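Protein chains in written order, with our numbering: chain B, 1 to 361; chain E, 1001 to 1263. The beta-carbon is built from N, C-alpha and C at its ideal position, and this holds for glycine as well. The structure displayed is predicted, hence computed values, not measured ones. Working notes for the structure below.
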Amino acid sequence: MGELRLMKGNEALAEAIIRAGADGYFGYPITPQSEVIEYLTAAKPHERTGMVVLQAESEVASINMLYGGGATGKKVVTSSSSPGISLMQEGLSYIAGAEIPIVIANVVRGGPGLGDIQPAQSDYFQSTKGGGHGDYRLIVLAPSSVQEMSDFVPEAFDLAFKYRMPVMILSDGAIGQMMEKVELFEPIPRLTDEEVKAKYPWATNGKPKGGERRIITSLDLDPYKLEEHNHHLQEKYRIIEQNEIRFEEIMCDDADYILVAYGSSARISQKAIQLLREKGIKVGLLRLITLWPFPYAKIQDMVSKGKKGFLAVEMSAGQMVEDVRLAVEGKVKVAHYGRIGGVIHSPEEVAEALEQKIIGE
Amino acid sequence: MSEIAIKDIIKTENLVYKKTSLMTDKPLSYCPGCGHGTAHRLIMEVIEELGMENDTVGVAPVGCSVLAYEFMNVDMQEAAHGRAPALATAIKRLWNDKLVFTYQGDGDLAAIGTAETIHACNRGEKIVIVFINNGIYGMTGGQMAPTTLVGMKTSTSPFGRDVSLMGNPLKITELVAQLPGTYFVTRQAVHTPGAARKARKAIKKAFQNQLDDAPGLSFIEIVSNCNSGWKMTPVDANNWMVDNMFPYYPLGDIKVDGELVNK
Ligand SMILES: Cc1ncc(C[n+]2csc(CCOP(=O)(O)OP(=O)(O)O)c2C)c(N)n1
Ligand code: SF4
Ligand SMILES: [Mg+2]
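In structure tokens:
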């Protein structure tokens, strides 16, 4: 049993960053996730593991620090909330193009614009469909507890290095701010410079003696070569779609109807299931853990097994529901429910929405 | 006078100069007469001389020198427009014993990347910034840069830079020299062998500072030409640079060993 602590989601994320053997955190404060950099500066990670922590001048700078650091083979990470993540989109596109492993956490707040500082899930499109320019993807992990805010950090690093790409932990203001019991994992030692060099021969950390220099770039002025590079990226994404889809099924076996949700909405939906089952309505929850890759095949399988309808529950005006619709292909009813602008829906509202939008009509 | 065949002269014992092995054999993509190629070579010569070819990481962002990695035979990263100092900051902090440098144009360093430039300088990052000031956006076809001189014609100041509309040419080098985080700030040129020799000395000093773990950033501006963007022959461009750029951007050291040089 690992060490147990009562922590905020943001603090658990920060502690997990140190324990995951990260080499550098570069970030810029923004509510509701400033606890991450505050924790990291107070916890003296440099003394604990030698990890570097730097408050950058902007999110533009932090994401580009990740480009530079990640391109040397070191484990680098940043965190922010929606407006800051928008500023990072150019950098993420370059990082995806140049195939640099990095981890980024978005503790989502209400938008658009400056919006508010309350929890939201309205950055789904931005996170799962690209966000910046060009054809690229991020692997997106959605924690729905403080425990997962911690557990997903080493997992995100593993995926980032396995596929040499950016991995996003897409959380929200509620998960970031709430306190829960966490079992912390045993610290993973940082790699030494020599280990980094041996493990990641692509990394630019000084040309090997007698070897070829390395280049990290997203540029190729020859369209045929760039097309080839894009095909390579797409092949990688297809492999990820086959191997890395993660979800949890809760009371789905006997269910007639399925709620599809992630993060805070998944917790609320679990409560809604109880309310509905007390009324004799058999409902289950498909809790998404990876938002990209998305479990299209799982949902198709549920349709073929006779599920009668799907309600996408998300604190947005209806983003994830589009993927549910793509999977269902019009065969059964699909609807969206969610409060927006930083308002959190109640389990009662979700239960009522299922009755009205899926069962009733 | 007896005829001497050229093949009799080209012998190892007669060689006084050879290209550094830290420049690749790829033909430079720069316009003939452009200062970028000379500046590349000087940097690579210095790194070779310091014996640091296996311990150097360079960063070149967008601009005519976006392809610097094709020519500089060391580990290289290509950055987004303006962001090289952010990349270099992280590289240096994660690999203290490496030589880290950026190579940036004036549009890159003094317009879109101003924040990254100022803050890397202000934090005193222990890196070298080489800043190529040609008073124009070369790569994109000769638009106005923050450094474009008053009255100078570019494709976006077709009637000449008008201060009332377009502001003043930015002396960012003097500006960063004011920051306590810079340790060595100098302005050089590479248009004549003499100037190139001085520039080489300055580049060496900058990298030596980094090797010595000097407390701060070394910043080298190279005032350069852009004959294509300026729409001049290489010779005319160099003459125009001497007559017009140098008075506004005077050559010489601005800050040495952390102390401003009084002029
Ligand atoms: C975000 C972004 N905006 C604009 C551009 C287009 N662009 C490429 S290079 C450049 C200007 C380069 O000028 P400078 O830095 O002075 O370099 P030079 O080519 O003169 O050496 C611009 C505007 C870009 N690549 N990225
Ligand atoms: S456009 Fe100007 S800066 Fe670019 S290579 Fe040609 S002369 Fe040099
Ligand atoms: Mg320029």
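Residue i versus residue j - alpha carbon distance
{"i": "B/LEU92", "j": "B/ALA174", "result": "25 Å"}
{"i": "B/THR217", "j": "E/VAL1235", "result": "34 Å"}
{"i": "B/TYR94", "j": "E/ASP1097", "result": "26 Å"}
{"i": "E/ILE1010", "j": "E/LYS1026", "result": "22 Å"}
{"i": "B/GLU278", "j": "B/ASP256", "result": "15 Å"}
{"i": "E/MET1144", "j": "E/PHE1159", "result": "11 Å"}
{"i": "E/GLY1229", "j": "E/CYS1031", "result": "10 Å"}
{"i": "E/ALA990", "j": "E/GLU1013", "result": "Look at the range of chain E in this structure, 1001 to 1263, and you will see that residue 990 of chain E is not part of it."}
{"i": "B/SER34", "j": "B/ASP116", "result": "15 Å"}
{"i": "E/SER1224", "j": "B/HIS229", "result": "35 Å"}
{"i": "B/ARG267", "j": "B/GLU352", "result": "16 Å"}
{"i": "B/GLU348", "j": "B/GLN89", "result": "37 Å"}
{"i": "B/ALA203", "j": "E/VAL1059", "result": "13 Å"}
{"i": "B/LYS236", "j": "E/LEU1175", "result": "46 Å"}
{"i": "B/LYS8", "j": "B/MET179", "result": "4 Å"}
{"i": "B/ILE169", "j": "E/HIS1081", "result": "27 Å"}
{"i": "B/GLU322", "j": "B/TYR262", "result": "14 Å"}
Residue i Cβ short of 8 Å to ligand 3 heavy atom set
{"i": "E/ILE1238", "result": "Sequence check: residue 1238 of chain E is Asn here, not Ile. Result no, Cβ not under 8 Å from ligand 3."}
{"i": "E/TYR1103", "result": "no"}
{"i": "B/ASP158", "result": "no"}
{"i": "E/GLY1141", "result": "no"}
{"i": "B/ALA71", "result": "no"}
{"i": "E/GLY1107", "result": "yes"}
{"i": "E/ILE1132", "result": "yes"}
Simplified DSSP assignment, three categories, for residue i
{"i": "E/LEU1094", "result": "helix"}
{"i": "B/VAL107", "result": "strand"}
{"i": "B/MET320", "result": "helix"}
{"i": "E/ARG1197", "result": "helix"}
{"i": "E/TYR1030", "result": "coil"}
{"i": "E/PRO1250", "result": "coil"}
{"i": "B/ALA424", "result": "Residue 424 of chain B lies beyond the range of chain B shown here (1 to 361); nothing can be said about it."}
{"i": "B/ASP172", "result": "strand"}
{"i": "B/SER62", "result": "helix"}
{"i": "B/HIS133", "result": "coil"}
{"i": "B/PHE161", "result": "helix"}
{"i": "B/PHE125", "result": "helix"}
{"i": "E/ASN1225", "result": "coil"}
{"i": "E/ILE1006", "result": "helix"}
{"i": "E/MET1044", "result": "helix"}
{"i": "E/ASN1054", "result": "coil"}
{"i": "B/ASP371", "result": "Here chain B covers residues 1 to 361 and nothing more, so residue 371 of chain B does not appear."}
{"i": "B/LEU259", "result": "strand"}
Near ligand 1: residue i beta-carbon under 8 Å from a heavy atom
{"i": "E/GLY1082", "result": "yes"}
{"i": "E/ASN1225", "result": "no"}
{"i": "E/THR1156", "result": "no"}
{"i": "B/SER144", "result": "no"}
{"i": "E/CYS1064", "result": "yes"}
{"i": "E/ILE1136", "result": "yes"}
{"i": "E/GLY1229", "result": "yes"}
{"i": "E/ALA1145", "result": "yes"}
{"i": "E/HIS1036", "result": "yes"}
Selected residue, minimal CA-CA separation from residue i, among the options
{"i": "E/PHE1131", "options": "E/ARG1123, E/GLU1125, E/VAL1150, E/ALA1110", "result": "E/ALA1110"}
{"i": "B/GLY113", "options": "B/LEU87, B/GLY130, B/THR49, B/GLU183", "result": "B/LEU87"}
{"i": "B/MET165", "options": "B/ALA142, B/PRO189, B/ARG137", "result": "B/ARG137"}
{"i": "E/ILE1091", "options": "B/VAL303, B/LYS74, B/ALA272", "result": "B/LYS74"}
{"i": "B/ILE37", "options": "B/LYS331, B/HIS46, B/LEU54, B/GLY338", "result": "B/LEU54"}
{"i": "B/SER144", "options": "B/THR78, B/LYS308, B/LEU291", "result": "B/LEU291"}
{"i": "B/GLU249", "options": "B/ILE273, B/ASN243, B/SER34, B/GLN242", "result": "B/ILE273"}
{"i": "B/LYS129", "options": "B/PRO119, B/VAL140, B/ALA120", "result": "B/VAL140"}
{"i": "E/ALA1206", "options": "E/ARG1187, E/PRO1169, E/ASP1162, E/LEU1149", "result": "E/ARG1187"}
{"i": "E/LYS1204", "options": "E/VAL1185, E/HIS1191, E/THR1192", "result": "E/VAL1185"}
{"i": "B/LEU259", "options": "B/ILE102, B/TYR200, B/GLU355, B/GLY131", "result": "B/GLU355"}
{"i": "E/ALA1195", "options": "E/MET1232, E/SER1021, E/GLU1045, E/GLY1035", "result": "E/GLY1035"}
Closer than 8 Å: residue i CB and nearest ligand 2 heavy atom
{"i": "E/CYS1121", "result": "no"}
{"i": "E/TYR1030", "result": "yes"}
{"i": "E/GLY1033", "result": "yes"}
{"i": "B/HIS232", "result": "no"}
- Query: Taking three-plus beta-carbon pairs below 8 Å as touching, is the region 1061-1073 of chain E in contact with the region 1254-1263 of chain E?
  - Reply: no
- Message: Does the contact criterion of 3 or more C-beta pairs under 8 Å hold for the region 186-196 of chain B versus the region 283-290 of chain B?
- Response: Touching, no.
- Message: Check whether the region 4-16 of chain B and the region 60-67 of chain B touch, using three or more Cβ-Cβ pairs below 8 Å as the test.
- Response: By the criterion of at least three beta-carbon pairs nearer than 8 Å, the region 4-16 of chain B is not in contact with the region 60-67 of chain B.
- Task: Answer yes if the region 143-153 of chain B comes into contact with the region 198-217 of chain B, meaning at least three C-beta pairs across the two stretches below 8 Å, and no otherwise.
- Result: no
- Evaluate contact between the region 68-79 of chain B and the region 1077-1088 of chain E, counting only Cβ atoms and requiring at least three cross-stretch pairs below 8 Å. Between the region 68-79 of chain B and the region 1077-1088 of chain E, the count of Cβ pairs shorter than 8 Å is three or higher; the stretches touch.
- Answer yes if the region 1138-1155 of chain E comes into contact with the region 1183-1200 of chain E, meaning at least three C-beta pairs across the two stretches below 8 Å, and no otherwise. no
- Quick one, which residues of the region 37-57 of chain B are near chain D if we go by CB-CB under 9 Å, in chain order? Of the protein chains in the structure, B and E, none is chain D.
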